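Count the sequence shown with our numbering and you get residues 160 to 1038, in order. We put the beta carbon where it would ideally sit given N, CA and C, even for glycine. On a predicted model such as this, the values are computed, not experimentally measured, just so you know. All remarks here apply to the structure that follows.
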Amino acid sequence: MKSAAIRTAFLEFFASQGHQIVPSSPLVPRNDPTLLFTNAGMVQFKDTFLGLEQRPYARAVSTQRCMRAGGKHNDLENVGYTARHHTFFEMLGNFSFGDYFKREAIRFAWRFLTETLGLPAEKLWVTVYEKDDEAAAIWLDEMKVDATRFSRCGDKDNFWSMGDTGPCGPCSEIFYDHGAEIPGGPPGSPDADGDRYIEIWNLVFMQYDRDSSGKLTPLPKPSVDTGMGLERLAAVLQGVHNNYDTDIFQVLIAAAAELAATPYGASAESDTSLRVLADHIRACSFLITDGVMPSNEGRGYVLRRIIRRAVRHGRKLGVEDAFFYRLVAPLVASMGDAYPELRQAQHEVERQLHREEDKFRETLQRGLDLLDEAIAKLPAGAPIPGEVIFRLSDTYGFPVDLTADIARERGLEMDMAGFDAALAEQRQRSRAAWSGSGAVKAEKIYHDLAMHLPATEFLGYGGCDGAGGVLAIVRDGASVDSLAAGQSAAIILDQTPFYAESGGQAGDVGKLFHGQEILFTVTDTQKPVPSQHVHIGTLERGSVHVGQVLQAVVDPAARAATAAHHSATHLLHAVLRRRLGSHVQQKGSLVNAERLRFDFSHPEPLEAAELQAIEREVNAAIRANVQAETRVLPLAEAQALGAMALFGEKYGEEVRVVLMGEHSLEFCGGTHVAALGEIGFFRILSESAVAAGVRRIEAVVGEAALRSVQQDEERLRGAAALLKAAPAELDQRLAQTLERLRQLEKELERSKRDLAASAGADLAARVERIQDVPVLLQRLDGMDAKALREVLDRLRSEISSGIIVLAGVADDKVSLLAAVSKDLHGKVHAGELVNVVAQPLGGKGGGRPDMAQAGAAQAEGLDAAMAEARTWLNEKIAS
C-alpha cells in the first residue's frame, strides 16, 4: 500500500466516522511561541484543548507535517544513520474535543488497523498506563486483545502532559511486531529498546488538569489526541523494516542516486548520504514553503544547517556542482497532490535552495581544510577540541552536526563540554550587549483569564463606538477588581469596537468612558490570546471596576488612516505579484495611521522605473474607486474564488475575504475602506533589503502621502534657493555646480603635485647624516596623507640610499610615512620606525621593511616624537 493511499485511507476512514478533515497547519506554529516547529498533530489544536478557542466541530482528523530538528526535539544528527529518525515526518491523527473518549478512540484505532488496513491482530502489541484500569478493560474485555500481547507501563512511557501543569492524561500505545528475527523485547521488558517492536500509534486520553502542586483534577470535557507516523506505518504495510525503504523515500533516493551517479546499495557510506538527501529535501522544501528562509538565527538557522548538511553529503558522493535544488521536482511529483502549497511554491523553493547552496559551497572547503588541519595536530586518541568545534561553527558557519558527521566517520570523539563552555561564553557576551526587546504580551495571566472568561465580541466592522462590560482588569501582571485615577492597566471588555493588533494591523487607540466621571485613554489594543481584546492605557479620571459598563470610542481619524494604509497594502501585494511574478509572497507587514510596511519574497532590488510603475498601478486602482466588499465564506469556497491566503496563517472553517473589484482578493480580518477612493493617494517612500531574498517597501497614503510630498517640495525649494535657481532649473544648476566642483578639484590636485615637487626639492637639501647614513625627519603642516605620499615618492627618487620619516599635520590629525632603502634593511625596519613616532601620539601603524605608514589623532607631542625617532635611529644604525 503506497504512502499516498495510506494517507487517503486514514482521512476517509475517520471522515466516515463524523470527523472534520482539517488541513495540515504550517511547520511554524502560530499559537505556541514556546515551540520552534510544529512537532505533533495536536499543535494546531492546542488552544482548542485548552478551551481558548471554539471550533465548529467536535471531531477532527488530519495529516500534519512535523519537524524535529532544533530545540527540544532534535533528531538531525541521527538522520541517515538509523532506520526511523527523520527531520520531517507526517503525523496521522484523530482528535476529540470533549466528544468521544477512550472506548471510541480504541475502537477506531483497532478497526482502522485490522479491518481497513488488514494488519493481523497477532502482529500488534498494546500498552496502557499502569493505573488505567478503564483502558485495560476496554482492550482486554471488549476488544478481546490477546492478554499475552498486552502490557502496562509507567509514567515515562504511558502518561502524557502538555507541560508541567495543565491538561494531561494516560496513553495507550500500539506497537507492530516485526518478527523474531529482529532483536528486541516487547514494551515494558528489559529489552524494549530493540527494534523488533516498533510503536506506530499513540492514543492520548486528556483526562486531568494538573496544578503546580501535582494534584490531578478531572477535566469537565475529557478529550482525545492521537498520533501515528505515516513513515512507520508505510514501512509496516510495505513489508520493510527501514523507513527509507518505503516508496516515499525510495523515489527521492533514486533521484539523488541519479544526480550523484551512485546506485543505492553500493556501500553503507554512500547509502547513508543518499538517505540524508532524501530526508533533508523534504524538510527544507516544506520549511521554505511555510515561509522560513535561511538565516543566522532561529528557524532560519535550523534550515541553513539542514541545507549545509545535505550539501556536504552531496560532496561526499562526489557531486561538485549545485545539485540539491534539483531534488525539489521529484518531491513535488510525490507529495504535491497531498500538499498543493508545495507545488505552488516549487519555483521559490528551488531558487532559495540553489542560492543557499552556492553561498555555502564557497565556505565549505575552507571549513573542511581547517578541520583537517586541527585533526592532523591531535595526539592519538584525543577528541576534537571544543574550541575548534565552536570556532568552525561561529566564525566559518560550519555546523556542529557536520563536524560530528566527520568525527563519526574518522572514529573521533568530540569535546562537547568544551564546545558548550565556549558557546556559554558567547551567549553571556550577547546577553551583556542586548538592550532588551520590550514587554512580553502573552503573559500567563491572560491565559488563566481566558479559561473562564467569555470571548470578546468585536464590533469594529460596523463602526467606531459601542458599549462593553468590564470582564477583567490586569495591572502589573495580576488581575485586580478595580482601577483608580492615574493608574495604568489593561481592560478586557465583553464586546468592543477596538481592533486588536493582528495580521500586521496596529491596534486601535481611543477612549473608554462613562459620562463625565470616568475617562480611560487607550494607547494600544492587543490580543495576547485569541479570544481576548485587551485595551492598554491609563485611567485619567474616576474609578473603574469589574462589571461596569463603559462606552468605547475608537479614534475615528486614526482608524480611517489605518484602514486606508491596510487597503493600500492589499493593492500593493496584488500589483507586485502581477508585475514581478507569482513567487512574490508576503513575508510580513505593518500598517498603522502613519504608514505601511510590506515585506515580500523577491531576489533582487527593484529599479526606480519599476517602483514608479508599481506606484502608478496602485494609484490607478485607487482612482477606479470600486467598492471594497467583505464576505464571510467557508474556507473551501474562498479558496475556490482564488482568494490570496498567506503562508503560515491559521484559518478556521469560515474566513473573512476582502474583495476590491478586479484589483485584489485576500483573506483578511482587518479593517478597510468602504471604497478605494478613500485611500486618496499612494506614495512609495523606500525599497530595501530585509534578509536574503526578502525585500521591503515602505509607503504612505492619504494625508500622510500629501505631507510627504510637501516635505519633499520644501526641501527642493530650499536646495534651489541655496543654488540661487528656480526649482524647475535645479537639475541644470546642480549639474553646472558639480562640474565646476570637479574642475576645482582637478586644479587642487595639480597644485598639490606642484607643491609636492617643490617641497621634495627643498627637503632634499635638509637631509642630515646619522652615523654617515642620510636621514630626513621632517614635519609638514597642512599636508594630508595623499599629498604626503607624493612628496615621499619625489624624495625616494632623489635619495637612493637613506631613511625618510615624514609627518603631515592636517585638521589636528597626523599622517606618518617612513621609508628605508634596501641596503639598510638589516639595521632598520620601516614598520618599527613609524611606530616609534606614532605610539607616543596614541597612534599605531605598520608595513613592509622598506615602506610603512601610520596615523594618530593628536598632533601635540609630534616634535618630541620625531626627536625620539632620531635617538632611536642613532642606536639602531650604530648597533
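Cβ neighbour criterion (16 or more within 10 Å) applied to K1003
exposed
Please report the distance separating the alpha-carbon of F256 from that of A264.
Put simply, the backbone Cα of F256 is about 12 angstroms away from that of A264.
Are the Cβ atoms of V859 and L755 separated by less than 9 angstroms?
yes
Please list, in chain order, all residues of the same chain as E401 whose beta carbon is under 6 angstroms from its beta carbon, the five residues on each side excluded.
Note that residue 401 corresponds to Asn in the displayed sequence, not to Glu. Only A242 meet the Cβ criterion.
What residues in its chain sit with their C-beta under 6 angstroms from that of A351, if we drop five residues either side in the sequence?
G344
Nearest to E796 by CA position, among Q786, G706, E813, A783, is which residue?
Nearest of Q786, G706, E813, A783 to E796, Cα basis: E813.
Under 8 angstroms by Cβ, that's how I've got W360 and T324 pegged, so tell me the actual separation to the nearest angstrom.
With a Cβ gap of about 27 angstroms, W360 and T324 do not count as contacting.
Give the single residue among V668, E699, P379 whose Cα lies nearest to the Cα of A644.
A644 has its Cα closest to that of E699, out of V668, E699, P379.
State yes or no: is the C-beta of G967 within less than 9 angstroms of the C-beta of L954?
no
Taking C-alpha atoms, which residue in T562, A541, L537, A539 lies nearest to F549?
T562
So, are the CB atoms of F169 and L251 less than 9 angstroms apart?
yes
In chain order, what residues of the same chain have a beta carbon less than 7 angstroms from the beta carbon of G200, not counting five sequence neighbours either side?
Once the five neighbours on either side are set aside, the close Cβ partners of G200 are S221, Q223, M250, G252, G386.
Inter-residue Cα distance where the pair is R790 and H725
17 angstroms
One question on the structure: do A734 and E776 come within less than 9 angstroms of each other, judged by their Cβ atoms?
Here residue 734 turns out to be Val, not Ala, going by the sequence shown. Going by C-beta atoms, V734 is nearer than 9 angstroms to E776.
Among the residues of its own chain, which have a CB less than 6 angstroms from the CB of E515, if the five just before and after it don't count?
P453, I466
What are the boundary residues of the alpha helix (DSSP H) that E776 is part of?
767 to 783
Among R441, Y288, A885, Y460, nearest to M494 - alpha-carbon criterion:
R441
Secondary structure at E825, three-state DSSP: helix, strand or coil?
strand
Run through DSSP, which three-state label would L278 get?
Secondary structure at L278: coil, using DSSP grouped into helix, strand and coil.
May I ask which residues mark the beginning and end of the alpha helix (DSSP H) holding V151?
Here the chain comprises residues numbered 160 to 1038, so residue 151 is not present and cannot be evaluated.
May I have the straight-line CA-CA distance separating A164 from A659, to the nearest angstrom?
A164 and A659 have their C-alpha atoms some 43 angstroms from each other.
Buried or exposed: G961, going by 16 or more other Cβ atoms within 10 Å of its Cβ?
buried
How long is the line joining the alpha carbons of A752 and A722, rounded to whole angstroms?
Counting only the Cα atoms, A722 lies some 8 angstroms from A752.
Buried versus exposed, by CB contacts within 10 Å (16 or more), A535
exposed
Excluding the five sequence neighbours on either side, which residues of its own chain have a C-beta within less than 6 angstroms of the C-beta of Q179, listed in chain order?
These residues qualify, in order along the chain: Y216, A219.
Which of helix, strand or coil DSSP assigns to V743
coil
What residues are listed by DSSP as bridge partners for E1034?
Paired residues: none, contrary to the question.
Closest Cα partner of V703 within the set D553, P687, F672
F672
Is the stretch 599 to 618 touching the stretch 665 to 679, taking contact as three or more C-beta pairs under 8 angstroms?
no
For F445, tell me which candidate among E949, C827, G459, Q870 has the shortest Cα-Cα distance.
Closest option to F445, Cα to Cα, is G459.
Below 6 angstroms CB to CB, which residues in the same chain sit around F271 once its five sequence neighbours on both sides are set aside?
F172
On the CB-based measure, 16 or more other CB atoms within 10 Å of its CB, does N237 come out buried or exposed?
By the neighbour-count rule (16 or more Cβ atoms within 10 Å), N237 is not buried but exposed.
Kindly indicate which three-state DSSP category Y620 falls into: helix, strand or coil?
helix
State yes or no: is the beta carbon of R892 nearer than 9 angstroms to at least one beta carbon in chain C?
Absent from the structure is chain C; it holds one protein chain and no more.
Candidates G373, R391, W319, L396: closest to V276 by CA position
The amino acid at residue 276 is misidentified as Val; the sequence shows Leu. Considering only alpha carbons, the answer is L396.
Between R166 and the rest of its own chain, which residues show a CB-CB distance below 8 angstroms, the 5 nearest in sequence each way excluded?
Cβ within range, chain order: T222, E249, L251, L389, A497.
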